[in-house]
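In the numbering used here, the protein residues as written are 16 to 273.
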């Protein structure tokens with residue numbers, strides 16, 4: 016595929032296991048939307064996971080890279096068509112799913128029909144995860160993971176937030192830990208994060224996000240009946256909830272002072 020002269024994308028491959036690879040990416044900017052879509056087409060991705068809102072607290076986190084007001088739009092040489100308009104995923108108020116078709120240079124892809132190749136991408140937006148913080152619902156975050164696994168078709172999953180390291184890195188670390196545990200491998204979370212950062216520098220930005228990886232692993236394993244909710248688990252969940260609530264109140268007090 017022929018690309019534009021300036022086709023750099025701030026993104027990194029992160030291998031979870033033999034079937035699942037994430038591409039952790041910076042949120043596209045207005046001048047990189049075309050190249051962001053070229054990357055998606057090149058990788059034949061079936062799922063794009065957006066873990067930030069376009070704007071948060073008055074700051075742009077990601078350019079809008081598919082049309083909101085019409086069914087189709089060109090981004091440079093890339094043509095984007097919305098096949099199914101944004102709608103809440105069933106039972107998940109802060110999760111929006113959009114079905115999109117993308118083409119570049121006259122080529123599209125998804126299925127081959129009479130010699131033409133068409134691509135369809137499922138875009139998932141989770142709007143319940145503030146920057147530098149943790150997701151507001153482990154249950155919803157687990158459900159988002161379920162949607163990714165349902166649709167990714169063993170193609171690389173494009174995941175981004177604003178910088179592509181905090182929220183994105185936390186989500187992918189959770190995937191790495193769960194994959195190892197389900198394969199009955201020993202998991203050192205410290206070593207796992209080191210491995211992740213070797214693939215995506217700066218992944219996981221603070222202690223809360225590091226703890227949230229543990230919280231999400233517990234959530235998924237409980238849902239899959241692979242973990243017993245014993246006293247140790249119950250105590251961890253309570254201590255986690257108490258800590259996150261304290262941190263939230265601290266942020267609110269700080270915001271009021273400013």
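Ideal Cβ positions, reconstructed from N, Cα and C, are used throughout, including at glycine.
| Asked | Found |
| --- | --- |
| Per DSSP, what are the beta-bridge partners of residue 114 in this structure? | 99, 137 |
| May I ask you to list the residues that DSSP assigns as paired with residue 36? | 30 |
| Spell out a yes or no on whether the segment 61 to 70 and the segment 93 to 102 are touching, meaning 3 or more CB-CB pairs, one atom from each, closer than 8 Å. | no |
| Looking only at its chain, what residues have a beta carbon closer than 6 Å to the beta carbon of residue 113, apart from the 5 residues adjacent to it on each side? | 101, 138 |
| On the three-pair Cβ rule with 8 Å, is the segment 55 to 64 touching the segment 167 to 182? | yes |
| Which stretch, first to last residue, makes up the alpha helix (DSSP H) that contains residue 57? | 48 to 58 |
| Rounded C-beta distance between residue 181 and residue 220? I'm assuming under 8 Å. | 4 Å |
| Do you know whose CA, among 141, 92, 39, lies nearest residue 9's CA? | This structure leaves residue 9 out entirely; the chain is present only between 16 and 273. |
| On the DSSP letters alone, give me the boundaries of the beta strand (DSSP E) that residue 187 sits inside. | No beta strand (DSSP E) contains residue 187, which is instead part of the alpha helix (DSSP H) from 182 to 197. |
| Relative to the alpha-carbon of residue 247, which residue among 233, 164, 239 has its alpha-carbon at the smallest distance? | 233 |
| Around the C-beta of residue 28, are 16 or more other C-beta atoms found within 10 angstroms, so that it is buried, or is it exposed? | exposed |
| What does the alpha-carbon distance come out to for the pair residue 212 and residue 55? | 23 Å |
| Can you tell me which residues form a DSSP beta bridge with residue 65? | 140, 175 |
| Only counting runs of 4 or more residues, tell me where the alpha helix (DSSP H) segments fall wholly within the segment 199 to 228, in order along the chain. | 204 to 214 |
| Cutting at 7 Å between CB atoms, please list the residues of its own chain near residue 43, excluding the five before and the five after it. | 51, 77, 78, 80 |
| Quick one: measure Cβ to Cβ for residue 162 and residue 104, integer angstroms, because I've assumed they're closer than 8 Å. | 7 Å |
| Do residue 235 and residue 157 have their beta-carbon atoms positioned less than 8 Å apart in this structure? | yes |
| Hey, residue 184 and residue 230: beta-carbon distance below 8 Å or not? | no |
| Return helix, strand or coil for residue 158, following the three-state DSSP convention. | helix |
| Do you know how far the Cα of residue 73 is from the Cα of residue 146? | 12 Å |
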